[in-house]
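**Student:** Please see the structure below; I have some questions.
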Amino acid sequence: MLPPTQRLPQARELIDMDRYFVLHAPRQTGKTTTLNTLASELTAEGDTAALTFSCERAKAAGDDYAAAESLLLDSLREAAERTGWPKKLLPPDAWPQVTPGSRFGSALSEWCRRSPRRVVLFLDEIDALQGNSLVSILSQLRDGHNTRHEGRPFPASVVLCGLRDLRDYKVASGGDPERSNPASPFNIVTKSLRLGDFTADQIAELYGQHTHATAQEFTKDAADRVFELTQGQPWLVNALAFDIILQMGTTGAITAG
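Written out as structure tokens, the structure reads:
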């Protein structure tokens, strides 16, 4: 796979600046893999605990924001436990017992208070949240973000990852995408990034990794032809290579012919 810095060159800079931002991309573009790799790289540096967790299961909660909070916190805890981190980096064993509508923000604050490192969160599949649940979670993130300067422990950077751009989240939560509202939970978001398609050079590099691992060559003409056919759409680039190598059983050098 390609390094996250190649596919998302601005993301690391925004995270280092403690910014909150949106990352959107179509399905099957390698978004989740890229996020997991970036989180692992950040954590390995030693001063950050970066975690990717999915909001997918909270879809079942619909407008029930209390249920959505519980489902999200379960997902977050399970993702953290799968990392193999030492206990001191993990979320607390019990979340603060507070009023529904405040649980998610309070839980993040308590985790950050205990953590010896700055916390960075990637909320994958944020599109799963709907209606009141979406507004509640984003409002709690906004409140935590805006009270950090008062000394409240809260994630240093939060990345909302999904299919839609920021404008679409405003519409989904009942807001006007054309109006700026200081009280909106969206006004904390610095930037919206899109995970782009592969360039011709990136396809050549990706296929070059296969050559390095297996000694089966992808010629430059073949990589250029793949770019021409797929326009760099990641799922097509990967699917075409899969078909050529495994489905067709090609064993020699892979050319454009």
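Okay, so the sequence shown: first residue is 1 according to full-length UniProt numbering, each after it adds one.
We put the CB at the ideal spot given by N, CA and C, even for glycine.
Can you give the beta carbon distance from residue 139 to residue 22, rounded, assuming they're within the 8 angstroms contact cut?
**Tutor:** Not quite, the Cβ-Cβ distance comes to about 16 angstroms (not below 8 angstroms), so this is no contact.
**Student:** Using DSSP's beta-bridge definition, name the partner residues of residue 124.
**Tutor:** Note: residue 124 sits in a beta bridge opposite 54.
**Student:** State yes or no: is the C-beta of residue 206 within less than 8 angstroms of the C-beta of residue 158?
**Tutor:** No, Cβ-Cβ distance for residue 206 and residue 158 is not below 8 angstroms.
**Student:** Report the three-state DSSP secondary structure of residue 183 (helix, strand or coil).
**Tutor:** Unreliable placement is indicated for residue 183, whose pLDDT of 49 sits below 50; no coordinate value is reported for it.
**Student:** Please state whether the Cβ-Cβ distance between residue 255 and residue 221 is less than 8 angstroms.
**Tutor:** Cβ atoms of residue 255 and residue 221: closer than 8 angstroms.
**Student:** Are the Cβ atoms of residue 55 and residue 38 separated by less than 8 angstroms?
**Tutor:** No, the Cβ-Cβ distance between residue 55 and residue 38 is not below 8 angstroms.
**Student:** Can you name, in chain order, every residue of its own chain whose Cβ lies under 8 angstroms from the Cβ of residue 10, other than the five neighbours on each side?
**Tutor:** Same-chain partners within the cutoff: 191, 193.
**Student:** If I measure Cβ to Cβ from residue 91 and keep anything under 6 angstroms in the same chain, skipping five residues before and after, which residues do I get?
**Tutor:** The residues are 77, 80, 111.
**Student:** Is residue 163 helix, strand or coil by DSSP?
**Tutor:** Residue 163 falls in the coil class under three-state DSSP.
**Student:** So, is residue 34 buried or exposed, given that buried needs 16 or more other C-beta atoms within 10 angstroms?
**Tutor:** Residue 34 is buried by the Cβ-count criterion.
**Student:** Helix, strand or coil: which one does DSSP assign to residue 154?
**Tutor:** It is coil, neither helix nor strand.
**Student:** Am I right that residue 119 and residue 49 are in contact with their C-beta atoms under 8 angstroms? What's the rounded C-beta distance?
**Tutor:** With a Cβ gap of about 5 angstroms, residue 119 and residue 49 count as contacting.
**Student:** Given a cut-off of 8 angstroms, decide if residue 123 and residue 198 are closer than it, judged by their beta-carbon atoms.
**Tutor:** No, the Cβ-Cβ distance between residue 198 and residue 123 is not below 8 angstroms.
**Student:** Closest to residue 57 by C-alpha separation, out of 147, 125, 219, would be which residue?
**Tutor:** Answer by Cα proximity: 125.
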